[in-house]
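Numbering (my numbering), first residue to last: 3 to 292.
What follows is a single structure, written as structure tokens, with notes after it.
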Ligand code: CLF
Ligand code: SF4
């Protein structure tokens, strides 16, 4: 059964349901990534509190134990999300985890977040598994702009640098969004706002992803680090302006809490990640979008 965008507004914290205090648990099962965002610092530690940051990857079976603990502590959790630390489609761990969740916790909404490089070719698997909500991070729809945000991609074992890679990435993202939304799955698009790079491009992204079938759009401020460490994070006024521009074309989500990849609880209200995951160790790893 697919959930309409309207239903989700009552049950999913990131699709408008924040008013209903619905919670989510993130399961950090996905290691490794197949693209190289210029703002993604792969050397992170457990004192950081950023999107996608998590201390360790867990197995699909461990996820079920984690969900059990999480539901005992926070019955408001209605959504099981996978948003990192790497890309959810770069390995099979996320889809395998969702298959297990479907069996054991059929009432939890299954929410997946991806960079979209493999979305089109893996769309049938995503649909079969019964993903309820899918988020694709689209930071530009122009390969030259995206090349300022992304250094290279690894696609079918080949490394493509700069605009050669971002052309493939954008093409796969848009085709993937079309296929997934045509199957009745509600799609959200996230964009990391980097005013100097994609600030003037937001309307174009909003328009393009809406036309492809996305229902809701979430603009996330850059956390300046790695190659983009010298840029400034957008201020509240810049974020608000970007959201207002985008809202001419698509519904805009304004309550993002920049969750870690192992967050648990009601975003902005309660946080149980520390208790549920028990140990957040200090290791080098990748991180992803939230
Ligand atoms: Fe998680 Fe993301 Fe699903 Fe939400 S978070 S995978 S869509 S269940 Fe939500 Fe957190 Fe913002 Fe993400 S507040 S970072 S938008
Ligand atoms: Fe990959 Fe996400 Fe990092 Fe980008 S931000 S390189 S998609 S893990």
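All C-beta atoms in this analysis are idealised placements derived from N, C-alpha and C, irrespective of residue type, glycine included.
For this session: Below 7 Å CB to CB, which residues in the same chain sit around residue 145 once its five sequence neighbours on both sides are set aside?
Result: As a working note, residue 145 is residue 143 in the chain shown. 165, 168, 169 and 172.
Exercise. Between the stretch 127 to 137 and the stretch 108 to 119, do three or more beta carbon pairs fall short of 8 Å?
Worked result: yes
Exercise. In the structure shown, what three-state DSSP assignment does residue 210 receive?
Worked result: For the purposes of this step, residue 210 is taken as residue 208 along the chain shown, with counting starting at 1. Reduced to three states, the DSSP call for residue 210 is helix.
For this session: Kindly give me the distance between the Cβ atoms of residue 65 and residue 29, rounded to whole angstroms, as I take these residues to be in contact under 8 Å.
Result: Start at 1 with the first residue of the chain shown, and residue 65 comes out as number 63. Start at 1 with the first residue of the chain shown, and residue 29 comes out as number 27. So it is a contact: roughly 4 Å between Cβ atoms.
Problem set entry | Own chain partners of residue 224 with C-beta closer than 7 Å, once the 5 adjacent residues on each side are dropped | Reading the chain shown from its first residue, position 222 is the one you call residue 224. Contacts found: 41, 194, 195, 196, 230, 233, 235 and 236.
For this session: Could you please give the first and the last residue of the uninterrupted alpha helix (DSSP H) stretch that includes residue 197?
Result: Here residue 197 corresponds to residue number 195 of the chain shown, with the count starting at 1. Element bounds for residue 197: 197 to 200.
For this session: Find out if the Cβ-Cβ distance for the pair residue 270, residue 277 is shorter than 8 Å.
Result: The sequence position of residue 270 within the chain shown is 268, counting from 1. The sequence position of residue 277 within the chain shown is 275, counting from 1. In this structure, residue 277 does not lie closer than 8 Å to residue 270 by Cβ.
Problem set entry | Contact under 8 Å by Cβ, residue 31 with residue 60 | On the chain shown, position 29 is the one that residue 31 refers to. On the chain shown, position 58 is the one that residue 60 refers to. Closer than 8 Å, so yes.
Exercise. Straight-line CA distance for residue 96 to residue 36?
Worked result: As a first step, residue 96 is located in the chain shown; it is residue number 94 there, counting from the start. As a first step, residue 36 is located in the chain shown; it is residue number 34 there, counting from the start. Approximately 15 Å between the Cα atoms of the pair.
For this session: Alpha carbon to alpha carbon, how far is residue 14 from residue 23? Give it in angstroms, no decimals.
Result: Here residue 23 refers to the residue found at position 21 when the chain shown is read from its first residue. Here residue 14 refers to the residue found at position 12 when the chain shown is read from its first residue. C-alpha separation (whole angstroms): 9 Å.
Exercise. When you compare only the Cα positions, how much space is there between residue 149 and residue 245?
Worked result: If you number the chain shown from 1, residue 149 lands on position 147. If you number the chain shown from 1, residue 245 lands on position 243. Residue 149 and residue 245: Cα-Cα distance of roughly 23 Å.
Exercise. If you count every other CB in all the chains shown that lies within 10 Å of the CB of residue 203, and 16 or more means buried, which is it?
Worked result: For the purposes of this step, residue 203 is identified with residue 201 of the chain shown, where counting begins at 1. When all chains shown are included, residue 203 counts as buried.
Exercise. How is residue 239 classed by DSSP in three states: helix, strand or coil?
Worked result: Taking the chain shown and counting its residues from 1, one reaches residue 239 at position 237. Helix, per DSSP.
For this session: Decide if residue 268 is buried, meaning its Cβ has at least 16 other Cβ atoms within 10 Å, or exposed.
Result: Position 266 of the chain shown, counted from the first residue, corresponds to residue 268. Classification of residue 268: buried, given that the 10 Å Cβ count is 16 or more.
For this session: From the DSSP output, read off the bridge partner residues of residue 28.
Result: As a position in the chain shown, residue 28 is number 26, starting the count at 1. Answer by DSSP bridge pairing, in chain order: 83.
Problem set entry | Whole-angstrom C-beta distance between residue 200 and residue 147, which should lie under 8 Å | Taking the chain shown and counting its residues from 1, one reaches residue 147 at position 145. Taking the chain shown and counting its residues from 1, one reaches residue 200 at position 198. The pair is a contact, with the Cβ atoms about 6 Å apart (cut-off 8 Å).
For this session: Out of 178, 227 and 228, state which residue places its alpha-carbon closest to the alpha-carbon of residue 213.
Result: Numbered from its first residue, the chain shown carries residue 213 at position 211. Selected option, being the one with the closest Cα: 178.
Exercise. What distance in whole Å lies between the Cβ atoms of residue 264 and residue 274, which are believed to be in contact at a cut-off of 8 Å?
Worked result: In the chain shown, residue 274 corresponds to position 272, counting from 1. In the chain shown, residue 264 corresponds to position 262, counting from 1. That belief does not hold up - the Cβ atoms of residue 274 and residue 264 are roughly 10 Å apart, past 8 Å.
Exercise. Where do the N-terminal and C-terminal ends of the beta strand (DSSP E) with residue 59 fall, by residue?
Worked result: Locating residue 59 in the chain shown gives position 57, counting from the first residue. Taken as a continuous stretch (DSSP letters only), residue 59 belongs to no beta strand (DSSP E), as it is neither H nor E.
Exercise. When every heavy atom of the ligand CLF is checked, does at least one fall within less than 7 Å of the C-beta of residue 226?
Worked result: Residue 226 sits at position 224 when you count from the first residue of the chain shown. Checking the Cβ of residue 226 against the ligand CLF gives no.
For this session: State the Cα-Cα distance for the pair residue 43 and residue 218, rounded to the nearest angstrom.
Result: For the purposes of this step, residue 43 is taken as residue 41 along the chain shown, with counting starting at 1. For the purposes of this step, residue 218 is taken as residue 216 along the chain shown, with counting starting at 1. Residue 43 and residue 218: Cα-Cα distance of roughly 27 Å.
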